[in-house]
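For reference, the structure discussed in these notes is given below.
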Amino acid sequence: MNALWDSKVKFDELSLKLAGKTDKEIRETLTRRYKFAIRRLAQTNSEDVFSLAMTAFAREIDPHTNYLSPRNTEQFNTEMSLSLEGIGAVLQMDDDYTVINSMVAGGPAAKSKAISVGDKIVGVGQTGKPMVDVIGWRLDDVVALIKGPKGSKVRLEILPAGKGTKTRTVTLTRERIRLEDRAVKMSVKTVGKEKVGVLDIPGFYVGLTDDVKVQLQKLEKQNVSSVIIDLRSNGGGALTEAVSLSGLFIPSGPIVQVRDNNGKVREDSDTDGQVFYKGPLVVLVDRFSASASEIFAAAMQDYGRALVVGEPTFGKGTVQQYRSLNRIYDQMLRPEWPALGSVQYTIQKFYRVNGGSTQP
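Here the sequence shown is numbered in my numbering, starting from 8 and rising by one per residue.
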C-alpha cells in the first residue's frame, strides 16, 4: 500500500511539474487535493458502500448492467426527461461551502433577484421546520435538501459573495425546471458563401425528435444549404428516439433490428412515409458516441442518407431495460419505507439495417 501511495504522489508531482508548476505550487496543490480527498472519503455513507458493492456485482454479470442508488435513479430520470423540480440553480463546492455557480433563466432563483452567482448557501429550511446548517455537507446532500415538489417552498440562508459576513434568508417556491442546456442546440456557420446548420445533440432524451423538428424548421427559415448533426460525446439514451429521429431523414423503412434472448428478431421501423429534411446531411461521431448514437449514424450510413465523419465509435450493441426496485403497493402502503433504487440490465442485442453489429 505504501509503495502504491508513493507511486501516486510521484506521478501527481511529475504531472504538475510538467505543467510548469513551481515546487511551492506543487506542495500547495497536492496538500489541498489530498485534504479534499480525505474529507470526501470521510463523508462516505452506507448508501455509497451498498451502491459500490451492487455495481461491482452487476458488472460481473454484464458490462452494461448497472445498479442505480435512489439518488442516482433520480438523476437518471432527470437526464432522460431533461426536467426536475427545484429552484433552477447549478451548485458547486468551494471548500466547505455550497456555491451558486449559475442559474437557469426564468427559474425561481433567477426570478427572485435576491440570489447572485457566487453566493454561498449556508442553510436550508423547509416549511414549518428550522433552518439546517449545511456548511461542510456533501453537495448531493445539499441538493437533495433543496429539491422538492413543484409549488412547495424552501428557505435558503445566503452568504452574499464579497459582501461581508452578514447572511440573509431567501424564500423560493419550487418549480418544474427544464434543463435547456442539455437539450439539442442549433447554430449556423458560414462556410464560403454557404450557410451550414449545426445541431449539437448531447443525448437521446425523451422528446429529442420533437426538439430537432423545431430546430430544423428554424434552419429552413435561415436558408441553410446543409445540416451537420454532431453526436460527438453522445453516449446514447432512448432507443425509441434513435428510431424516430432517423425517420426525419428517410421516407420509411427499418432503422434497427433487435434480437432478444430467445433469438426472436424484431424490426423497429419508420412508417410515416414522410421526410422532414431532404437536404445534404453530415453526422459527426467520435469514440464516445455510443448506443443510440451508433444506431442513428449506422441507419443514415446504410441508407446512403448522410456522410458519417469522425473516429470509430464506442462499439455498444446491446439494449438495456430500466426497472425500479420499488414495488408499487409498498410505496402506497408503506411510504415511510426507504427507496430501493433501480437496475438497468441487458435484454437485447441490436443490429444495423445491413445486418452488421456496432459492437466488435
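Backbone N, C-alpha and C define an ideal beta-carbon position, used for all residues, glycine too.
query: Could you please give the first and the last residue of the uninterrupted alpha helix (DSSP H) stretch that includes Leu226?; result: 215-228
query: How should Gly311 be labelled, buried or exposed, when 16 other C-beta atoms within 10 angstroms of its C-beta is the threshold for buried?; result: exposed
query: Are the beta-carbon atoms of Arg183 and Lys157 separated by less than 7 Å?; result: yes
query: Quick check on Thr278: buried or exposed, where buried means 16 or more other Cβ atoms within 10 Å of its Cβ?; result: exposed
query: Contact check, Ala313 vs Val289 under 8 Å by CB: the rounded distance?; result: 6 Å
query: In whole angstroms, what separates the C-alpha of Phe64 from that of Lys127?; result: 39 Å
query: Specify the secondary structure class of Leu347 as computed by DSSP and reduced to three states.; result: coil
query: Specify the secondary structure class of Tyr310 as computed by DSSP and reduced to three states.; result: coil
query: Using alpha carbons as the reference points, say which of Pro115, Phe357, Phe43 lies closest to Ala305.; result: Phe357
query: Alpha carbon to alpha carbon, what distance is there between Val221 and Glu201?; result: 22 Å
query: Determine the direct distance from the alpha carbon of Met307 to that of Ala60, and round the result to whole angstroms.; result: 40 Å
query: Just the Cα atoms here: how many angstroms apart are Ile68 and Thr353?; result: 10 Å
query: Run through DSSP, which three-state label would Phe43 get?; result: helix
query: Taking the C-alpha atoms as reference points, what is the distance between Val203 and Gly260?; result: 27 Å
query: Out of Pro258, Lys323, Gly199, point me to the one whose CA is closest to Gly244's CA.; result: Lys323
query: Assuming Arg189 contacts Ile94 under a Cβ cut-off of 8 Å, what Cβ separation, rounded to an integer in Å, is found between them?; result: That pair is no contact at about 17 Å.
query: DSSP on Met61, reduced to helix/strand/coil?; result: helix
query: For my contact list, Glu248 and Leu215 are in at a C-beta cut-off of 8 Å; report their separation, rounded to the angstrom.; result: 5 Å
query: Would you report the Cα separation of Ser331 and Lys160, rounded to the nearest angstrom?; result: 28 Å
query: Identify every run of the beta strand (DSSP E) within the stretch 250-278, keeping only runs that are complete inside it and at least 3 residues long; order them along the chain.; result: 260-267, 272-277
query: Return the CA-CA distance between Asp218 and Val191, expressed in angstroms with no decimal places.; result: 7 Å
query: Per DSSP, what kind of secondary structure is Arg78 in: helix, strand or coil?; result: helix
query: Give me the residue from Gln281, Gln229, Gln366 with the minimum Cα distance to Leu252.; result: Gln281
query: Taking the alpha-carbon positions, what's the Val131 to Gly286 distance?; result: 52 Å
query: Going by CA-CA distance only, name the one from Ser233, Leu179, Gln327 that's closest to Gly113.; result: Leu179
query: What does the Cβ neighbour count give for Ala297, buried or exposed, with the cut at 16 atoms within 10 Å?; result: buried
query: Name the residue from Leu163, Asn79, Ile142, Lys173 whose alpha carbon lies nearest to the alpha carbon of Pro115.; result: Leu163
query: In angstroms, rounded to a whole number, what distance separates the CA positions of Ser194 and Val129?; result: 39 Å
query: I want to know whether the stretch 230-243 touches the stretch 104-113 - three or more CB-CB distances under 8 Å.; result: no
query: Using the DSSP secondary-structure output, state which residues sit across from Ile184 in a beta bridge.; result: Leu91
query: Check each candidate in Ser300, Asn333, Gln328 and name the one with the smallest Cα separation from Phe321.; result: Ser300
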